[in-house]
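Working notes for the structure below.
There are 2 protein chains.
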Amino acid sequence: MPFRFEILARDSRTQARLGHLTTPHGEFTTPVFMPVGTQASVKTVTPEELLACHVEVVLANTYHLYLRPTHTLIRDLGGLHRFMHWERPILTDSGGFQVYSLAGLRKLTEEGVLFQSHLNGSRHMLTPEKAVEIQQMLGSDIAMVLDECVPYPATYAYALSSQELTTRWARRAKAAHRGTEQALFGIVQGGMYADLREKSAHELVELDFDGYALGGFSVGETKRLMDDLIERTAACLPEEKPRYLMGVGTPADLLRCVKLGVDMFDCVMPTRNARNGCLFTRQGKLIIKNARYAQDTRPVDAQCSCYTCQHYSRAYLRHLFVSEEILGPRLNTIHNLHYYMDVIHKIRAAIVEGQLETLQVEGIIGEHDVEEQA
Amino acid sequence: MPFRFEILARDSRTQARLGHLTTPHGEFTTPVFMPVGTQASVKTVTPEELLACHVEVVLANTYHLYLRPTHTLIRDLGGLHRFMHWERPILTDSGGFQVYSLAGLRKLTEEGVLFQSHLNGSRHMLTPEKAVEIQQMLGSDIAMVLDECVPYPATYAYALSSQELTTRWARRAKAAHRGTEQALFGIVQGGMYADLREKSAHELVELDFDGYALGGFSVGETKRLMDDLIERTAACLPEEKPRYLMGVGTPADLLRCVKLGVDMFDCVMPTRNARNGCLFTRQGKLIIKNARYAQDTRPVDAQCSCYTCQHYSRAYLRHLFVSEEILGPRLNTIHNLHYYMDVIHKIRAAIVEGQLETLQVEGIIGEHDVEEQA
Chain A
1 MPFRFEILAR
11 DSRTQARLGH
21 LTTPHGEFTT
31 PVFMPVGTQA
41 SVKTVTPEEL
51 LACHVEVVLA
61 NTYHLYLRPT
71 HTLIRDLGGL
81 HRFMHWERPI
91 LTDSGGFQVY
101 SLAGLRKLTE
111 EGVLFQSHLN
121 GSRHMLTPEK
131 AVEIQQMLGS
141 DIAMVLDECV
151 PYPATYAYAL
161 SSQELTTRWA
171 RRAKAAHRGT
181 EQALFGIVQG
191 GMYADLREKS
201 AHELVELDFD
211 GYALGGFSVG
221 ETKRLMDDLI
231 ERTAACLPEE
241 KPRYLMGVGT
251 PADLLRCVKL
261 GVDMFDCVMP
271 TRNARNGCLF
281 TRQGKLIIKN
291 ARYAQDTRPV
301 DAQCSCYTCQ
311 HYSRAYLRHL
321 FVSEEILGPR
331 LNTIHNLHYY
341 MDVIHKIRAA
351 IVEGQLETLQ
361 VEGIIGEHDV
371 EEQA
Chain B
1001 MPFRFEILAR
1011 DSRTQARLGH
1021 LTTPHGEFTT
1031 PVFMPVGTQA
1041 SVKTVTPEEL
1051 LACHVEVVLA
1061 NTYHLYLRPT
1071 HTLIRDLGGL
1081 HRFMHWERPI
1091 LTDSGGFQVY
1101 SLAGLRKLTE
1111 EGVLFQSHLN
1121 GSRHMLTPEK
1131 AVEIQQMLGS
1141 DIAMVLDECV
1151 PYPATYAYAL
1161 SSQELTTRWA
1171 RRAKAAHRGT
1181 EQALFGIVQG
1191 GMYADLREKS
1201 AHELVELDFD
1211 GYALGGFSVG
1221 ETKRLMDDLI
1231 ERTAACLPEE
1241 KPRYLMGVGT
1251 PADLLRCVKL
1261 GVDMFDCVMP
1271 TRNARNGCLF
1281 TRQGKLIIKN
1291 ARYAQDTRPV
1301 DAQCSCYTCQ
1311 HYSRAYLRHL
1321 FVSEEILGPR
1331 LNTIHNLHYY
1341 MDVIHKIRAA
1351 IVEGQLETLQ
1361 VEGIIGEHDV
1371 EEQA
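One line per chain: the protein sequences are A and B, in this order.
Position 250 of the first sequence, counting from 1, maps to 250 under this note's numbering, and the rest follow consecutively.
Counting the second sequence from 1 gives a position; this note's numbering is that position plus 1000.
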């Protein structure tokens, strides 16, 4: 099936929309949250467990897969979906963000970005065309253009020059991206300058992408600034195209940004926190290693219907964590992913029912620690 | 249900038996293989996955659970079965073997063994009565008496003195083990001296245990010596009681020792090897990290019906291993456990069909490396 996005419902008091996205590997509803499967695996869990958590689409990282096992190998093995046994939609990033995060050599030119592998120091050139080529070989359903992530803070002059480079790269990516059912999203940059964000959005919209991402957020700016920039950027984007906020965020971020018109999210938070023993619950975050849970026979969250909460006590999960049993991160991941998807489902229902503005953060989202309440 | 053992069939040309064992938490057929769940978790997998691998009974380690989370906590939480969400039979060891394996303080007296925790150096006294008490609190279906594992090699004088201590301890354990449906097995010791093994067996049989284990094997002796001692010991044990060979072994060991009259086995080999990337196949052992598997689209074992072989290529499993993805050890564990249970099922079928003596090692058991054949 070719890529298609339909808006099914709108919230009358916010910018929130309920949408339906069709990709070559299936459909899903938006707003949507995409767990991160960096190296072709959402850490600790199987695709069947993702489905049981109601996950519909996952993100994989182009940078990591390009270096290992390589995009050509994955293509030869029948593509990323078959390789990782996930036959549903996959979005791949462009690899840019990871390259900029590297500590070692990294040289930016008009042509692209030269970098050294974190694995073995080998040198590679990532260009807009190369990023498209890699993602086409991976066979993801949604590909992202190569962008430059503006450091934070950055001067206006730097942010302007970077934003214009990102536009030129987006044009090259669009030209290179042909003969495929894979969708290609542009990425709005511009640092923390609202006019540059608007300029970026206008230039990308002219290039007519299948969707638009908002990149370079959650890098240290305030929530208020982030919200303001998202709102102003979203106003410049076409209503009929999906909007994807990259790398964000907490459950509360999801709710707030849906109200600003965002349709898609990804974040390592539910999975990484799970491995660190930090569990989301309707009463707040629960740090499973705390001694107070040693004899606690209750599930992590009494209102949760996930596999973990149905079968295991906090005491057992704490035991697995302190005993460094591999099953622990896995049971925690199942719970956190289920929790995130539950938040998304509550948001969707609230949009349909016109209740989004009054959707209580309490009861679905706890950013404080459970321990603080005691 | 109270503990009960019935022999359903015997092989006419070997000592092998097909049996049926009933415990408070369900029944299973023997010969049986018990995966090891040291800290109340068979590493990486859930109980549902164990069932899918046809696992019927698991072993848990008393030493580890006594120290963490403690046997009293597990009792307070409703027992080990509920704690770890495994409602099928559980066998617990006595803790003795781990204590003797400790590098630190360890002092053996007539009363018991004084040792220091590997976790925090705290001092503990393990006596035959204490080992029974701990296992009763854990609520396992089959408990083991505290024994002394004779070091290898050991002098005849040491082995004799140790064997006699083990008998005295067994008598105390039997006296302490009352008012429970839990079964209690004695453990035949005697080092590598056949007459001491026979003496040990005779003394334990007089105490009338629910079953008899053969301890202290696979410590460096030859297979030939082990087989000879097992054969001579088994001849001293009552036909109508189950026989359990502790800590053994490879698939070939299982087949050989079933022919010597052994009914029950446990070993970390399938699970530990899995985590190290060593997979059992009908063609031999497969070291998944080898570069030759990088582009190999075949499953680990084309004749295997496990979840891993049904959905993943060797190339993907190799990628998970070299990328240190947690899903790797898990998919490998599922395969190896499934493989071991398949070996057990083939052995059972061969006993029923009178084909055990001619059961080909080839086709079910490969101890060599697949790589060596190429």
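No residue lacks a Cβ here, since even glycine has one placed at the ideal position from N, Cα and C.
Report task. Please determine if the segment 1204 to 1220 of chain B and the segment 1240 to 1249 of chain B are in contact, where contact requires at least 3 C-beta pairs separated by less than 8 Å. Result -> yes
Subject >> Whole-number beta carbon distance between B:I1187 and B:T1167, since they are thought to touch under 8 Å >> reply: Wrong, their Cβ atoms sit about 10 Å apart, outside the cutoff.
- Query: When the cut-off is 8 Å and only beta carbons count, does A:K289 lie next to chain B?
  - Reply: no
Examine chain A for any beta-carbon lying closer than 8 Å to the beta-carbon of B:Q1373, and answer yes or no. Reliability of the predicted coordinates at B:Q1373 is poor, the pLDDT of 49 falling under 50, and no value is obtained from them.
- Message: Let me check one thing: in DSSP terms, what residues is A:Y212 bridge-paired to?
- Response: A:G186 and A:R243
When B:Q1116, B:Q1015 and B:P1024 are compared against B:P1002, the one with the closest alpha-carbon: B:P1024
*For B:H1118, return the contacting residues in chain A, with the cut-off set at a CB-CB distance below 9 Å.*
Under the 9 Å cutoff, chain A gives no residues; its nearest Cβ is about 12 Å from B:H1118.
Review point. Where B:V1132 and B:V1145 are concerned, what is the direct C-alpha to C-alpha distance, given to the nearest angstrom?
Key: 7 Å
**chain B contact residues for A:F83, given Cβ-Cβ distances below 7 Å** = Y1316
Beta-carbon contacts of A:T297 that lie in its chain and below 7 Å, excluding the five residues immediately before and after: S313 and A315
Handout entry: Where B:L1073 meets chain A, residues with beta-carbon distance less than 8 Å
Key = A294, Q295 and A315
For this session: Might you give, ordered along the chain, the residues of its own chain that have their beta carbon closer than 8 Å to the beta carbon of B:Q1373, omitting 5 neighbours on each side?
Result: With a pLDDT of only 49 at B:Q1373, under 50, the local geometry of the prediction cannot be trusted, and no value is derived from it.
- Message: Considering only their Cβ atoms, is the gap separating A:A16 from A:G261 smaller than 8 Å?
- Response: yes
Checklist entry - Just checking my contact of B:S1041 with A:L327 at CB under 8 Å: how many whole Å lie between their CB atoms? => result 5 Å
What do you reckon, are the CB atoms on A:H71 and A:M137 nearer than 8 Å?
yes
Looking at C-alpha atoms only, which residue of B:L1051, B:I1007 and B:T1014 is the closest neighbour of B:L1337?
-> B:L1051
Where A:F5 sits in the DSSP three-state scheme: strand
### Task
Starting from B:G983, follow its DSSP beta bridges and name the residues at the other end.
In the structure displayed, chain B extends from 1001 to 1374; residue 983 of chain B sits before or after that span and is not available.
Next item on the list: State yes or no: is the beta carbon of B:S1200 nearer than 8 Å to at least one beta carbon in chain A?
Entry: no
Next on the checklist: For chain B, check one thing: does any of its Cβ atoms lie closer than 8 Å to the Cβ of A:D208?
Outcome noted: no
Can you name, in chain order, every residue of its own chain whose Cβ lies under 7 Å from the Cβ of B:L1067, other than the five neighbours on each side?
-> S1117 and L1119
Identity of the residues DSSP links to A:L18 by a beta bridge: A:A9
*Could you name the residues of the same chain whose beta carbon sits closer than 8 Å to that of B:V1322, not counting the 5 residues immediately before and after it, in chain order?*
K1289
### Query
By the 10 Å Cβ neighbour count, where 16 or more other Cβ atoms means buried, how is A:E49 classified, buried or exposed?
buried
Starting from A:K346, follow its DSSP beta bridges and name the residues at the other end. A:K346 is not bridged to any residue.
ask   = If you drop the 5 nearest sequence neighbours on each side, which residues of the same chain put their C-beta closer than 7 Å to that of B:G1215?
value = D1147, C1149, I1187, V1188, Q1189 and M1246
Give the straight-line distance between the Cα atoms of A:A201 and A:L237, rounded to the nearest whole angstrom.
6 Å
* Asked: Name the chain B residues that come within less than 8 Å of A:R68, Cβ to Cβ?
  -> H1319, V1322 and S1323
Which chain D residues are close to A:K43, counting only those with a beta carbon under 9 Å from its beta carbon?
Note that chain D does not occur in the displayed structure, where the protein chains are A and B.
For this session: Starting from the C-beta of A:G45, find all residues in its chain whose C-beta is less than 6 Å away, skip the five residues before and the five after it, and write them out in chain order.
Result: Looking at the sequence shown, residue 45 of chain A is not Gly but Val. The residues are T333.
### Task
Tell whether a beta-carbon distance below 8 Å holds between B:R1178 and B:E1129.
no
Self-check item: Terminal residues of the alpha helix (DSSP H) in which B:E1231 lies
Solution: K1223 to A1234
Roughly how far, in whole angstroms, is the beta-carbon of B:R1197 from the beta-carbon of B:R1232, given that I think they are within contact range, below 8 Å?
6 Å
- Task: Would you verify that the beta carbon of A:T46 is, or is not, closer than 8 Å to some beta carbon of chain B?
- Result: yes
Point to revise | Separation of B:Q1039 from A:Y307, as counted between CA atoms | key: 21 Å
Of all the options B:F1097, B:R1088 and B:Q1295, which has the alpha carbon lying nearest to the alpha carbon of B:T1062?
-> B:F1097
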